[in-house]
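One structure is given below, encoded as structure tokens.
Residue numbers (UniProt numbering): 1 to 277.
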């Protein structure tokens, strides 16, 4: 067992399990960004690991969402944490997963919205159990599902459906996500998902590393360009400075008791409307 703080790593031969654990909500904050980035950097010189399975120690939240203080002007993250560096770690981590020769698989059994969905979309495969809830909350905050979220989601489910979910901020459950292509497969239980993903990961890991990496590279010929992803980062940074976005961020943190467990975070899909009433 290797401990990266919010990320617990357990390796069995060529297959590694990485479990996110950032109580109480698995918020994507500076700790998660730093730990994930450090783990992915370590894989560059790892000649053993071929497949990484990501899961969450919190059955209700794979990821809650981005730490909204990163964008909030009224109460930003403490200066020593450096919001720009945090965002850089997040972006680099997502792009490493999409491009690295290692195969990344997500086991989802809980809510993962906003930036959490952006990370999931850039893993190579996604599997879902009951309780899964995926979506974008950014338009409801006057922002944009950046970090690759828009482009990768559009590639998966098509332009019309991507616009439907991005613009409405409606979420999808496991079964719907499977039907429209957001995830590979939905399972009847977390246990069934774990067994099937383990079996798949072990099978993939029996094959030569070079063939796995080359196949991923070939599939990536159709992935969004770095330039398009960079333009989205510019868009969200501009939107974050607008009065509408700042007002929504302030209300969100007020209504949600500053990103603490409760009815607000549990029902974000419906609660976002309240920011504009």
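Note that beta-carbon positions come from the ideal geometry of N, C-alpha and C, so glycine has one too.
Predicted model only: the values in this text are computed from it and were never measured.
Under the three-state DSSP convention, the category residue i falls into
{"i": "residue 145", "result": "coil"}
{"i": "residue 53", "result": "strand"}
{"i": "residue 25", "result": "coil"}
{"i": "residue 18", "result": "strand"}
{"i": "residue 8", "result": "strand"}
{"i": "residue 3", "result": "strand"}
{"i": "residue 90", "result": "helix"}
{"i": "residue 66", "result": "strand"}
{"i": "residue 61", "result": "strand"}
{"i": "residue 100", "result": "coil"}
{"i": "residue 77", "result": "coil"}
{"i": "residue 72", "result": "coil"}
{"i": "residue 95", "result": "helix"}
{"i": "residue 250", "result": "helix"}
{"i": "residue 82", "result": "coil"}
{"i": "residue 258", "result": "coil"}
{"i": "residue 271", "result": "helix"}
Nearest-angstrom beta carbon gap, residue j and residue i [assumed within contact, 8 Å]
{"i": "residue 64", "j": "residue 265", "result": "6 Å"}
{"i": "residue 21", "j": "residue 57", "result": "4 Å"}
{"i": "residue 171", "j": "residue 113", "result": "7 Å"}
{"i": "residue 61", "j": "residue 110", "result": "5 Å"}
{"i": "residue 181", "j": "residue 157", "result": "5 Å"}
{"i": "residue 261", "j": "residue 59", "result": "13 Å between Cβ atoms; not a contact."}
{"i": "residue 53", "j": "residue 216", "result": "Their Cβ separation, rounded to whole angstroms, is 16 Å, which puts residue 53 and residue 216 out of contact at 8 Å."}
{"i": "residue 28", "j": "residue 115", "result": "5 Å"}
{"i": "residue 269", "j": "residue 176", "result": "Not confirmed; about 13 Å, so no contact."}
Cβ neighbours of residue i in the same chain (closer than 6 Å, five flanking residues each side left out)
{"i": "residue 205", "result": "14, 15, 50, 51"}
{"i": "residue 101", "result": "213"}
{"i": "residue 271", "result": "264"}
{"i": "residue 19", "result": "8, 55, 57"}
{"i": "residue 209", "result": "50"}
{"i": "residue 229", "result": "148"}
{"i": "residue 246", "result": "73"}
{"i": "residue 255", "result": "264"}
{"i": "residue 98", "result": "122"}
{"i": "residue 164", "result": "none"}
{"i": "residue 17", "result": "10, 53"}
{"i": "residue 40", "result": "93, 96"}
Sequence-distant residues of the same chain with beta carbon closer than 8 Å to residue i, five excluded per side
{"i": "residue 48", "result": "11, 13, 14"}
{"i": "residue 118", "result": "94, 145, 146, 147, 148, 149, 152"}
{"i": "residue 174", "result": "108, 128, 129, 130, 131, 132, 183, 186, 187"}
{"i": "residue 281", "result": "Outside the modelled stretch of the chain, which goes from 1 to 277, sits residue 281, for which no answer is possible."}
{"i": "residue 76", "result": "69, 70, 83"}
{"i": "residue 31", "result": "5, 6, 22"}
{"i": "residue 192", "result": "129"}
Close Cβ partners of residue i (< 7 Å) along its chain, the five nearest in sequence each way excluded
{"i": "residue 167", "result": "139"}
{"i": "residue 244", "result": "142"}
{"i": "residue 184", "result": "125, 126, 127"}
{"i": "residue 232", "result": "144, 146, 150"}
{"i": "residue 273", "result": "none"}
{"i": "residue 161", "result": "180"}
{"i": "residue 202", "result": "15"}
{"i": "residue 194", "result": "107"}
Near the ligand NAP: residue i beta-carbon under 8 Å from a heavy atom
{"i": "residue 145", "result": "With respect to the ligand NAP, the structure shown offers nothing to examine, as it has no ligands at all."}
Residue i at chain D interface by Cβ criterion, 9 Å
{"i": "residue 10", "result": "Within the model displayed, chain D is absent; a lone protein chain is all it includes."}
What are the uninterrupted segments assigned as beta strand (DSSP E) that are 3 or more residues long and contained completely in the stretch 104-181, given in chain order?
111-113, 125-128, 133-135
Mind the definition here: the stretch 79-99 touches the stretch 126-140 only if three or more C-beta pairs lie below 8 Å; say whether that holds.
Fewer than three beta-carbon pairs drawn from the stretch 79-99 and the stretch 126-140 are found closer than 8 Å, and the two stretches are therefore not classed as touching.
For the stretch 33-45 against the stretch 2-10, do three or more pairs of beta-carbon atoms, one drawn from each stretch, fall closer than 8 Å, so that the two count as touching?
yes
Would the stretch 228-246 count as touching the stretch 123-132 if we require 3 or more Cβ pairs under 8 Å?
no
Can we say the stretch 63-77 touches the stretch 246-266, given the rule of at least three CB pairs closer than 8 Å?
yes
Would you call the stretch 149-162 and the stretch 223-231 touching, i.e. three or more CB-CB distances under 8 Å?
yes
My parser needs the alpha helix (DSSP H) runs of 4 or more residues fully inside the stretch 174-245; what are they?
174-180, 190-205, 209-219, 226-240
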